[in-house]
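*Asks:* If you scroll down you'll find the structure; I have some questions about it.
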Amino acid sequence: MSAAPHLPLAGLEIFGQAIEFIFNGQEAPTVSGKVGGLDQVLDLTARHLEVTALAMGLALIVALPAGLVLGHYGRGELVAVAAGNAGRALPELAIIAFMAAAIGVGLLNVTIALAVLAVPPILTNTFVAVRQVDRGAVDAARGMGMTAREVITRVELPLAVPTIMSGVRTSTINVVATATIAPLAGVLTLGDFILARNVYGDDGVLAGAMLVALLALTLELALAGLQRLLTSPGLRDATTATA
Amino acid sequence: MAGPVQHDGGSSGAAKAAAVRYDHVTKRYPGQEEPALTDLDLEVPAGEICVLVGPSGCGKTTAMRMVNRTVEITEGDIFVGDTSVREREPARLRRETGYVIQQVGLFPHRTVADNVATVPQLLGWDAKRTAARVEELLALVGLERELAGRYPAQLSGGQQQRVGVARALAADPPVMLMDEPFGAIDPITRERLQNEFLRLQGEIRKTILFVTHDIDEAIKMGDRVAVLKAGGRLAQYATPAELLMDPADEFVEDFVGADRALKRLALMRVSDIDLWKAPLAFVGQATSEVRAKLNGAEVPHALLVDSDRRPIGWLSERDLSADVVPERADSPPDPVLDLDDVMRDALADLLRSGTQYAPVTDAEGRIAGVLSVEIISEFLNSPRALSEEHAATERPHD
Amino acid sequence: MTDAPQLAQVVIHERTGESCIAQNKVFCPGWAIDNFDRYVDPALQQVVLVVVSVALGFAIAFALALLAHRRRWLVPPLIGVTGVFYTIPSLAFFFLLIPISGRGRDTAIIALTAYTLQIIFRNIMAGLANVPREVKDAGRGMGLTERQLLWRVELPLALPEIIAGLRVATVSTVALATLAAFAGGGGLGEEILSNIDFKTGIVIAGGLAILMAFAFDVILIGIQRLLTPWRRAVPA
Chain A
545 MSAAPHLPLA GLEIFGQAIE FIFNGQEAPT VSGKVGGLDQ VLDLTARHLE
595 VTALAMGLAL IVALPAGLVL GHYGRGELVA VAAGNAGRAL PELAIIAFMA
645 AAIGVGLLNV TIALAVLAVP PILTNTFVAV RQVDRGAVDA ARGMGMTARE
695 VITRVELPLA VPTIMSGVRT STINVVATAT IAPLAGVLTL GDFILARNVY
745 GDDGVLAGAM LVALLALTLE LALAGLQRLL TSPGLRDATT ATA
Chain B
453 MAGPVQHDGG SSGAAKAAAV RYDHVTKRYP GQEEPALTDL DLEVPAGEIC
503 VLVGPSGCGK TTAMRMVNRT VEITEGDIFV GDTSVREREP ARLRRETGYV
553 IQQVGLFPHR TVADNVATVP QLLGWDAKRT AARVEELLAL VGLERELAGR
603 YPAQLSGGQQ QRVGVARALA ADPPVMLMDE PFGAIDPITR ERLQNEFLRL
653 QGEIRKTILF VTHDIDEAIK MGDRVAVLKA GGRLAQYATP AELLMDPADE
703 FVEDFVGADR ALKRLALMRV SDIDLWKAPL AFVGQATSEV RAKLNGAEVP
753 HALLVDSDRR PIGWLSERDL SADVVPERAD SPPDPVLDLD DVMRDALADL
803 LRSGTQYAPV TDAEGRIAGV LSVEIISEFL NSPRALSEEH AATERPHD
Chain C
64 MTDAPQLAQV VIHERTGESC IAQNKVFCPG WAIDNFDRYV DPALQQVVLV
114 VVSVALGFAI AFALALLAHR RRWLVPPLIG VTGVFYTIPS LAFFFLLIPI
164 SGRGRDTAII ALTAYTLQII FRNIMAGLAN VPREVKDAGR GMGLTERQLL
214 WRVELPLALP EIIAGLRVAT VSTVALATLA AFAGGGGLGE EILSNIDFKT
264 GIVIAGGLAI LMAFAFDVIL IGIQRLLTPW RRAVPA
């Protein structure tokens, strides 16, 4: 492709071809046989979602309790907050490439690498959310005889939901984005359409970009809806976003 | 269009103070049945403090804010000097009106000096003139020069309030608006600030509209007091003495409070009263002489004073058992009152300390007499006091 | 595919010898020292990408914030639109743009700029919202016009929050700019992509990116300290 910008009309045509690729597939440019088509698209989408879900699950298991406990006891603020800042600075390409080169390819490794990227926003947001819970409510709860565990689960967690969910959403988007380059480490996701141009052709590349964007936006909307559901009506107006 | 500002006779330096006149002013907020202010009509003479007082919601703050148009007038007009505020451009009008609010609202990101210099800078004064004025004002409100470079967060509440007042005075406005300026301060600092402000006003003589919900503050601070009731109606507009003697109706009477007699003490100074005399003792004097003086004295205790007749302390029996008056006295002289103190504050000090007698000193710290609770109550009930106060229409500090 | 043996042939270092490179160890200090300069240009490219994108993002977000300051109803739609840019993974964004703006630095900058918009915009709005009411009341009452109030009082007081947003945006952009190589925008990602198995190379490039992010963060913190002297003042 040249570096010169294309005319808008030509651009529209290209998008049309990409859509064609998604639904009906095309002749592969370099190898024989068909590529694209709804089956392949759905398959790769499923793989993309699968690795995202696995990584998020792992990250949540690690980061959520850690953030809740640290926040409850007010310890480890430096670590929790620094983790958030550091996490933002991690270049995904380097992480994936290094992991592939040094440890090995495969679903497990990619999942772990993605989980590592997903942990910081969840940890930081959970910690901050718990710290910011109304001290009065916590005192009252303790005074009523709740154990630490009960205080965490019945008071702090529900009140911390909006900020925590905000962190989960940020994390998820990050993971979806990084899963796009997972093919570099042997896990085929929608990113494969983009990265393997010789296999899928230019139309495939564009189709991949559109699909990834669509997937991310859909997930974001779904999570926003989930956040609304999980947030107690009394808290609905609370604003979010720390990470 | 620039509004002309009156030149008033005023005292020291500040040449201008303008009268403020409310001309049948009404304020209606859309969607509300009752007006916030109903047909307010009063005149504040130039150089006087008019206190707007009343229960919350009575429209006192609204009335004050209409003078600098931070609230707009619905009906009627307000005149500063001879000019209607409705004819002035709001931003220009406000730069010529001092404005002090309860939470002060100092700019946290600017130093004390920069805060005070805000309006002069807006008016385009040159740097030199502004700096001189800032220095002058800080001294006027009793702040040390070193504070000029500090930030508001580094000041105490009382200090912040002083900066707020200095900031309002910076461009030498003819009118000052003050909305519960001492409301957020602790009572002890508040009293001090009130006294200092009255002393300041004695020097600069501005026309001031002062809002408070505290009737005691109103009586203490105001040359005239406007009592407002619900719906922004004026219940009474009179001097503090008239208010206490002659409440216009039941509302005013209730609002002023049943303890009107005690409130009258806010209108008097210690110097207004005949003080008792305590026998004075000097260091090294023969105690026999002191004992002789104690016989039949008005105050049955001897006060140890230095060679300049400044009180050192009260002498006890043990002190006087020696041949010669000792250098130190057993009891401290506190509370030491000043002839200039407002009577109500003096009484409060007496009661707080639990002592029966308090030495009163003059401006140089020399003993002038002794005050006691008995003297005060005797005086309050004397026929002379009642007739004197009826004639009193002036502030104690005049 | 690995260039490692060829690289080793090009550079023979006494200390580590061919073996470190030939074995493709995680980090070969000798090789790193010798070949550091091949990372300089990509690093500088990345710096340019980041600085330009964040500056542009700030300019746009600031303009939007000024617009929305007096028209609150604009805030939700603006957050929505900028949110879309934030949610779309930058790799996808690059390739969606390429048909329109072609491969190269411009495409990378457009995508990276778009990504920063929401966080900066939100922080500017939050900073302005946190200015205490009585400070604004006093300012207006003293005769400041709305415009003077905004520029002399509200914006200075909103600075800490604005810079906090810039910090997040900058650090994120440094990490994302590593992907710019996919769009032909250069940067350290280029080095990684061209030698995808070369561990030492990945470590160096990745490490440089992380250091760069950290350096930008520190610089911005320093700028905030400089611009907000009143925050350093010890309270009474």
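Residue numbers (this note's numbering), protein chains in the order written: chain A, 545 to 787; chain B, 453 to 850; chain C, 64 to 299. Cβ coordinates follow ideal geometry from the N, Cα and C atoms, glycine included.
Could you confirm whether any beta carbon from chain A is found closer than 8 Å to the beta carbon of Phe148 of chain C?
*Replies:* no
*Asks:* Which residue marks the beginning of the beta strand (DSSP E) containing Lys479 of chain B, and which one marks its end?
*Replies:* Unbroken beta strand (DSSP E) run through Lys479 of chain B: 472-479.
*Asks:* If we cut at 8 Å on Cβ distances, does Arg632 of chain A have a partner in chain C?
*Replies:* For Arg632 of chain A, at least one C-beta of chain C is nearer than 8 Å to its own C-beta.
*Asks:* Per DSSP, Thr549 of chain B forms a beta bridge with which residues?
*Replies:* B:Val627
*Asks:* When you compare the CB of Pro573 of chain A with every CB in chain C, is at least one pair closer than 8 Å?
*Replies:* no
*Asks:* For Leu212 of chain C, which residues in chain B fall below 7 Å Cβ to Cβ?
*Replies:* Per Cβ cutoff of 7 Å: no residues; Leu212 of chain C is ~10 Å from chain B at best.
*Asks:* At a CB distance below 9 Å, what residues from the stretch 253-264 of chain C approach chain B? Give them in sequence order.
*Replies:* Those would be none; no residue qualifies.
*Asks:* List, in chain order, every chain C residue whose beta-carbon is nearer than 8 Å to that of Val571 of chain B.
*Replies:* Here the neighbours are Met205, Gly206.
*Asks:* Using a Cβ-Cβ distance under 8 Å, would Pro219 of chain C count as near chain B?
*Replies:* yes
*Asks:* Under 7 Å Cβ-Cβ, which residues of chain A neighbour Ala268 of chain C?
*Replies:* Ala638
*Asks:* Please list, in chain order, the chain B residues whose beta carbon lies closer than 8 Å to that of Thr291 of chain C.
*Replies:* His561
*Asks:* Is there a C-beta anywhere in chain A that falls below 8 Å from the one on Ser235 of chain C?
*Replies:* yes
*Asks:* Could you name the residues that DSSP lists as bridge partners for Trp728 of chain B?
*Replies:* Under DSSP, the beta-bridge partners assigned to Trp728 of chain B are B:Val822.
*Asks:* Hey, Leu159 of chain C and Ala599 of chain A are a contact pair by Cβ (cut 8 Å); roughly how many whole angstroms apart?
*Replies:* That pair is no contact at about 24 Å.
*Asks:* Between the C-alpha atoms of Gln606 of chain B and Leu599 of chain B, what's the straight-line distance to the nearest angstrom?
*Replies:* Put simply, the backbone Cα of Gln606 of chain B is about 9 Å away from that of Leu599 of chain B.
*Asks:* Identify each residue in the stretch 173-200 of chain C for which the Cβ-Cβ distance to at least one residue of chain B is less than 7 Å, and report them in chain order.
*Replies:* Only those residues of the stretch 173-200 of chain C whose C-beta falls short of 7 Å from the nearest C-beta of chain B are listed: Glu197, Val198, Asp200.
*Asks:* Could you check if His561 of chain B is buried or exposed, using at least 16 other CB atoms within 10 Å of its CB as the buried criterion?
*Replies:* buried
*Asks:* Here's a check: name, in chain order, each residue in its chain whose Cβ is nearer than 7 Å to the Cβ of Ala607 of chain A, leaving out the five neighbours to either side.
*Replies:* Val663, Ile666, Leu667, Thr670
*Asks:* Mind listing which residues of the stretch 109-127 of chain C have their C-beta closer than 7 Å to chain A's C-betas, in chain order?
*Replies:* So nothing in the stretch comes that close.
*Asks:* Could you say which of B:Ala471, B:Thr526, B:Gly610 lies nearest to Lys868 of chain B if we only look at CA atoms?
*Replies:* As shown, chain B starts at 453 and ends at 850. That puts residue 868 of chain B outside it, with no answer to give.
*Asks:* Are the C-beta atoms of Ala296 of chain C and some chain B residue less than 8 Å apart?
*Replies:* Chain B places a beta carbon closer than 8 Å to that of Ala296 of chain C, counting this residue as a contact.
*Asks:* Assign Thr241 of chain C to one of three DSSP states: helix, strand, or coil.
*Replies:* helix
*Asks:* Rounded to whole angstroms, what is the Cα-Cα separation between Gly576 of chain B and Met630 of chain B?
*Replies:* 25 Å
*Asks:* Check each residue of the stretch 688-710 of chain A: if its Cβ is closer than 7 Å to any Cβ of chain C, include it; give the result in chain order.
*Replies:* none
*Asks:* Among A:Arg675, A:Lys578, A:Ala641, A:Ala597, which residue has its Cα nearest to the Cα of Arg619 of chain A?
*Replies:* Ranking A:Arg675, A:Lys578, A:Ala641, A:Ala597 by Cα distance to Arg619 of chain A puts A:Arg675 first.
*Asks:* Residues of the stretch 517-549 of chain B with a CB closer than 9 Å to any CB of chain C: list them in chain order, please.
*Replies:* Arg517, Asn520, Thr522, Pro542, Ala543, Arg544, Leu545, Arg546, Arg547, Glu548, Thr549
*Asks:* Report the neighbours of Arg602 of chain B on chain C: residues whose CB is nearer than 8 Å to its CB, in chain order.
*Replies:* Neighbours of Arg602 of chain B on chain C, chain order: Ala296.
*Asks:* Given Ile187 of chain C, which residues of its chain have a CB within under 8 Å of its CB, disregarding the five upstream and five downstream residues?
*Replies:* Ala124, Phe125, Ala128, Ala221, Glu224, Ile225, Gly228
*Asks:* Quick one: is Ile161 of chain C buried, meaning 16 or more other Cβ sit within 10 Å of its Cβ, or exposed?
*Replies:* Buried: at least 16 other Cβ atoms inside 10 Å.
*Asks:* With DSSP as the reference, label Arg210 of chain C as helix, strand or coil.
*Replies:* Note: Arg210 of chain C maps to helix in three-state DSSP.
*Asks:* Answer yes or no: does any C-beta atom of chain C fall closer than 8 Å to that of Leu522 of chain A?
*Replies:* Outside the shown range of chain A, which is 545 to 787, sits residue 522 of chain A, and nothing can be said about it.
*Asks:* Measuring CB to CB, does Pro626 of chain B end up less than 8 Å from Gly533 of chain B?
*Replies:* yes
*Asks:* Return the bridge partner residues of Gln570 of chain A from the DSSP annotation.
*Replies:* A:Val579
*Asks:* Starting from Tyr481 of chain B, find everything on chain C with Cβ-Cβ shorter than 7 Å and list it in chain order.
*Replies:* Using a Cβ-Cβ cut-off of 7 Å, Tyr481 of chain B is close to nothing in chain C; its nearest Cβ partner there is about 18 Å away.
*Asks:* Quick check: Leu728 of chain A and Ile151 of chain C, are their CB atoms within less than 8 Å of each other?
*Replies:* no
*Asks:* Under the rule that 16 or more other beta-carbon atoms within 10 Å means buried, what is Thr697 of chain A, buried or exposed?
*Replies:* exposed
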